[in-house]
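One structure below.
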Amino acid sequence: MIFLRKILFPFAVLYGCITRFRNFLFDVGILKSYSFDMPVIAVGNLSVGGTGKTPQIEYLIRLLSDKHKIATLSRGYKRQSKGFVLADTTSTAITIGDEPFQFYKKFPDIIVAVDADRKNGIEQLISLNESPDIILLDDAFQHRKVKAGFYILLTAYDDLFCDDFILPTGNLRESRSGAKRANMIIVTKCPKKISELAQDKIRRRIGVDKPLFFSVITYEDYVYSSNEAIKVSEIKNVNKLLLAGIAKPKSFFAYLQNENDVILTFSDHHHFTEEDILHIKKQAKNNIIITTEKDYVRLKGSILERQLFYLPIKTSFISGGDNFDKTILNYVGTSTRNS
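Set out below in structure tokens:
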């Protein structure tokens, strides 16, 4: 795979030129960006997947939803529907995508919508009878047709964008210089005890003059089914099947695993077929199955449900969390036009 990526280097150079030219056209106004008279916060990355966008969106929902009507707008990756779709009681992970469906089930007081055309999606949300006060754009850093009022760029601790290269040689969707569009950068999935020295080294390597924060993924002390909660400490040494269909499941497995567990991995956003589910059932036998929250919304309702549990995660800041909150609240409080 590494060799293949190296020989595709000329295509990476070509792709980089195309994305730079596209960004230039937006920067000089030849291609038009649209702004809106309300706070719009975009959370995204430069690389392909695995930076923790979903828990970061959930952090913002918790921060803002007490005083504001929140809407999330996602593309709805791998959904089997087209155009603008507003989540309702008939929605499933298949119709709106796993992450939006997770938002909808977890936060019943917010508006959840999907649309690959973010401009159209925002216009549809604004036209609702009960329109939102704030729109959170999920994975929209490269969606230049909309100019968000505030951009949060995520980069994973073990896969920093400054050390990466353009697709297909690397994992970057665009040049590293795209980070300059961000209002702030968050280094996600850090070790819990990352030192100040290590943080300073990362600041110098990233080299972008933007506020920089460091966050960590934290796991809850319980796993949950549709009607039960069990302490993680009680199931650590129990034989079980651990299942993940996310970009980087290593830490999820490490948190729960014992040497006798069965481990099954699938691709990110994997659509579980009937054959997959029968295979999982056979591998699990009568043991419990623990999966990620994102996978759970796709597997709930299947024949696995009686033995199926999920482990919720959250993102929290190693330091400077109060400054992050104040920055976001200040933007929301003072924003009248995203320009």
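In our numbering, the protein residues as written are 5 to 343. Heads up, the beta-carbon is just placed ideally off N, CA and C, and yes, glycines get one too. Given the structure is predicted, the values throughout are model-derived calculations rather than measurements.
Backbone CA spacing between residue i and residue j [nearest angstrom]
i	j	result
D119	I139	13 angstroms
D142	R208	28 angstroms
A248	D299	7 angstroms
D113	V227	24 angstroms
K205	L312	42 angstroms
K289	T55	33 angstroms
G48	L245	32 angstroms
F30	Y259	43 angstroms
S343	S39	With a pLDDT of 40 at S343, under the threshold of 50, the modelled position of this residue cannot be trusted, and the question is left open.
P253	V44	30 angstroms
L3	G211	This structure cannot settle anything about residue 3, because the visible part of the chain is limited to 5 through 343.
K36	I267	48 angstroms
F28	N327	32 angstroms
E278	E309	14 angstroms
V336	R26	29 angstroms
T331	S131	28 angstroms
R341	A46	Only weak support is given to the placement of R341: the predicted model assigns it a pLDDT of 46, under 50, and the question is left unresolved by the model.
F256	K285	20 angstroms
Assigned exposure category for residue i - 16 Cβ within 10 Å defines buried
i	result
T153	Strictly speaking, residue 153 in this sequence is Gly, with Thr absent from that position. G153 is buried by the Cβ-count criterion.
H147	buried
G125	buried
Y63	buried
P14	exposed
H273	buried
C21	exposed
Q106	buried
L201	exposed
K57	buried
T319	buried
L333	exposed
G182	buried
S95	buried
Pair within 7 angstroms by beta-carbon distance, residue i and residue j
i	j	result
I115	A75	yes
E192	A144	According to the sequence shown, residue 192 is Thr rather than Glu. Cβ atoms of T192 and A144: not closer than 7 angstroms.
A91	Y108	yes
Q60	F88	no
I317	I221	yes
K149	K123	yes
D121	H72	no
D167	L176	no
S51	F218	no
I189	K151	no
Y19	L171	yes
R9	S179	no
L269	A16	Looking at the sequence shown, residue 269 is not Leu but Thr. Cβ distance not < 7 angstroms, so T269 and A16 don't count as in contact.
N243	N187	no
R83	I65	no
V301	D41	no
Y314	T338	no
S135	P104	no
Y223	R185	no
D329	L67	yes
N241	N262	yes
Which residues DSSP lists as bridging residue i, in chain order
i	result
S78	V118
T295	L247 and Y314
G48	L157
F218	V191 and S323
V89	V118
I139	V44 and A75
I65	Beta-bridge pairing links I65 to no other residue.
D163	A160
V227	I234
C-beta neighbour in chain C for residue i, strict 7 angstroms
i	result
K109	Absence of chain C from the displayed structure is noted, only one protein chain being present.
Scan the stretch 264-293 and note each continuous beta strand (DSSP E) run of 3 residues or more that stays entirely inside, going in chain order.
266-269
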